Amino acid sequence: MFILTHATLHNPAILKVRQLPRKFFGRVAVWPRGPVGLRVFLRLVIEFQAVRYILTLTPFIFIGLSWNALALPMAQAPILMIFMIWFVEMRLLRVPKSRRAHLIDGAQAERTLDLLRVQSRAALTRIAASREMKRGELHLVIEQSELWRIAPLTYVSVQSEDGPEVLPLSAPEQEIIRRTLFQPPLTEKLLQRVNQSQGTFIRDITFDARGVSAHARLAAALA
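For any residue, its number in our numbering is found by taking its place in the sequence shown, counting from 1, and adding 77.
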């Protein structure tokens with residue numbers, strides 16, 4: 078999970094919002110601020126379509142450079158290269174529509190989404206209480222990559238209709254999301270399975286700040 082907010086990005090300009098929910102995958106490049114580790118860095122890089130195309134065509138490049146006699150025939154066979162790209166993108170890295178329904182039981186998928194809504198609203202409640210919000214709606218937007226068979230990549234942001242805007246989150250607010258959102262039995266991998274089965278990769282959970290209880294406001298004040 079990567080929380081998208083001004084403090085976590087080298088390019089916070091991508092957070093500009095025209096309408097809610099703000100989507101990120103396939104529209105902008107996300108460049109984290111600070112060290113993220115090699116694994117996370119590579120996972121972000123693989124989202125670039127051009128990088129995936131190059132990796133898919135690497136065997137052709139290797140064969141062409143290793144065996145000169147095959148270089149010209151392979152260069153004149155673009156259909157094979159196009160087929161390889163299509164196969165990797167649509168069959169290996171994505172779930173065909175005919176197989177989506179078999180990824181997860183429908184009842185389990187609904188239970189997972191119910192849990193996502195409960196834990197999202199719990200996080201938004203604490204954030205709204207810490208900001209002493211009396212009115213207005215907050216959106217916890219959970220967006221996942223469409224790529225399958227590799228580790229899930231999840232972008233999480235808090236968006237507000239006041240603006241609209243992606244909220245700048247403090248370190249404690251980011252920690253609220255990390256500790257509240259993906260808690261067992263809900264995991265990113267399980268949500269990925271549900272999203273793939275339904276062909277829906279963005280979840281927008283709304284919360285009205287008027288629903289913050291007095292107990293939540295007191296807990297925020299004491300914290």
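For glycine and all other residues, C-beta sits at the position ideal for the given N, C-alpha and C.
All figures in this text were calculated on a predicted structure; none of them were measured in a lab.
Taking C-beta atoms as the reference points, residue 190 and residue 284 fail to come closer than 9 Å.
Annotation: residue 90 to residue 134 spans about 33 Å, alpha carbon to alpha carbon. Judged by DSSP in its simplified three-state form, residue 102 adopts coil rather than helix or strand. Taking a contact to require three or more Cβ pairs closer than 8 Å, the segment 270-286 and the segment 165-185 qualify as touching.
Excluding residues up to 5 positions away in sequence, 227, 228 and 230 lie with their Cβ nearer than 8 Å to the Cβ of residue 120 in the same chain. Taking all protein chains in view, the Cβ of residue 289 is crowded by 16 or more other Cβ atoms within 10 Å, so the residue is classified as buried. In this structure residue 164 is exposed. Its beta-carbon is surrounded by fewer than 16 other beta-carbon atoms within 10 angstroms.
Note on the segment 209-281: whole alpha helix (DSSP H) runs with a minimum of 4 residues are 248-257 and 265-275, in chain order. Note that the C-beta distance between residue 257 and residue 203 is below 9 Å.
The beta carbon of residue 259 sits closer than 7 Å to the beta carbons of 78 and 265 from its chain, once the five residues preceding and following it are set aside; these are given in chain order.
Beta-bridge partners assigned by DSSP to residue 285: 214.
Separation of residue 291 and residue 210 (C-alpha to C-alpha, rounded to the nearest whole angstrom) is 12 Å. Ranked by Cα distance from residue 185, the options 96, 270, 287 and 282 are led by 270. The C-beta distance from residue 232 to residue 118 rounds to 15 Å, too long to meet the 8 Å contact threshold. In this structure, residue 241 lies away from residue 129, with their beta-carbon atoms at least 9 Å apart. The continuous alpha helix (DSSP H) containing residue 161 extends over residues 155-164. With respect to the C-alpha of residue 196, the residue from 214, 212, 219 and 179 having the closest C-alpha is 219.
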